[in-house]
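Below is one structure, written out as structure tokens; comments come after it.
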Amino acid sequence: MVSTSVEPVPDSEPEIFAADTDHEGHEAEVVVEETEPAIVAKGLYLVRIPRPPINEEDTKAPQAELQGYIAKLKPLNALITSKRDEVRGYRQQMNEARGLKDTSEPEYQEKLGRIKQLRDLRAEYVGKIQEIKSSLQGLDCNSEQELEDKIRELERKIQHEDLTLREEKQIVQQISKLNQQRGRMRDYEQHKASLAEMEGESSKASMQINC
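Here it is as structure tokens:
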């Protein structure tokens with residue numbers, strides 16, 4: 001028996017068929033290319049991993065400890081919330097106060113100017129009052145009428161009483177001293193009414209300053 005072998009034709013080479021001729025007599029080579037193989041879709045698979053065994057006895061203690069921490073945090077959170085609300089209220093009050101200050105600033109400055117004027121006026125009144133009162137220092141009487149009465153009494157003693165020369169000389173000196181005080185006493189009498197008025201105005205100014 002004679003065996004024959006057939007050489008396989010490679011799949012990658014294109015197959016060539018008989019050539020056709022065109023109208024000019026030239027042969028045209030026809031090439032048929034090999035098509036691509038079909039793509040097979042791959043499937044998706046879900047793999048279920050078994051849950052590891054859990055010993056509930058081992059988790060009770062940590063869970064209880066966690067619940068204890070949570071119980072402690074609740075009042076702290078409530079306190080923090082209340083403090084935040086309190087701070088928010090203070091901020092609101094501060095903003096309102098600032099708004100009132102800005103609104104009343106002109107009025108406030110006007111009041112400060114008025115207070116300064118009142119203080120200057122009060123200082124002027126106090127100075128005049130002290131000046132008038134200082135004029136009374138060294139006077140033996142509180143009024144001109146009292147001074148006149150004392151002079152008449154001393155003159156009566158000289159005329160009707162039996163005095164020694166020394167006593168009479170002392171009385172004459174007293175009468176001379178009282179007569180020297182007459183001008184100061186008249187000045188005081190003239191300013192006495194204005195003194196009461198200035199004291200009243202000074203008190204009124206003090207009340208307005210402290211308002």
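One point on numbering: in the UniProt record's numbering, the residue at position 113 of the sequence shown is 113, and numbering is uninterrupted.
Glycine is no exception: its CB is placed at the ideal position from the N, C-alpha and C atoms.
For residue i, which residues in the same chain have their Cβ closer than 7 Å to its Cβ, ignoring the five residues on either side in sequence?
{"i": "A196", "result": "none"}
{"i": "E201", "result": "Y125"}
{"i": "G127", "result": "none"}
In this structure, how does DSSP classify residue i when only helix, strand and coil are distinguished?
{"i": "residue 232", "result": "Because residue 232 is not part of the residues shown, which for the chain are 1 to 211, the question remains open."}
{"i": "Q109", "result": "helix"}
{"i": "G138", "result": "coil"}
{"i": "T103", "result": "helix"}
{"i": "L46", "result": "coil"}
{"i": "T81", "result": "helix"}
{"i": "D149", "result": "helix"}
{"i": "P62", "result": "helix"}
{"i": "P75", "result": "helix"}
{"i": "E7", "result": "No answer about E7 holds up, because its pLDDT of 48 lies below 50 and its placement is not dependable."}
{"i": "S143", "result": "coil"}
{"i": "D162", "result": "coil"}
{"i": "N95", "result": "helix"}
{"i": "R184", "result": "helix"}
{"i": "R51", "result": "coil"}
{"i": "I115", "result": "helix"}
Assuming residue i and residue j form a contact by the criterion Cβ under 8 Å, report the distance between their Cβ atoms to the nearest whole angstrom.
{"i": "E131", "j": "E189", "result": "Incorrect: roughly 15 Å between the Cβ atoms, too far for contact."}
{"i": "M185", "j": "L139", "result": "6 Å"}
{"i": "C141", "j": "K150", "result": "6 Å"}
{"i": "R119", "j": "L147", "result": "Not quite, the Cβ-Cβ distance comes to about 37 Å (not below 8 Å), so this is no contact."}
Leaving out five residues before and five after residue i in sequence, what residues of the same chain have Cβ atoms less than 6 Å from its Cβ?
{"i": "L121", "result": "A205"}
{"i": "Q67", "result": "none"}
When you measure from the CB of residue i to every non-hydrogen atom of the ligand FAD, does any distance come out below 7 Å?
{"i": "K192", "result": "For the structure depicted, the ligand FAD is absent and the ligand set is empty, with no information on it obtainable."}
Take residue i and list the residues in its own chain whose beta-carbon comes closer than 8 Å to its own, dropping the five residues that flank it on each side.
{"i": "L79", "result": "none"}
**Request:** State whether the region 83 to 93 contacts the region 155 to 164, with contact taken as three or more CB pairs (one from each stretch) at a distance under 8 Å.
**Result:** no
**Prompt:** Counting pairs of beta carbons, one from the region 174 to 183 and one from the region 149 to 158, are three or more of them closer than 8 Å?
**Reply:** yes
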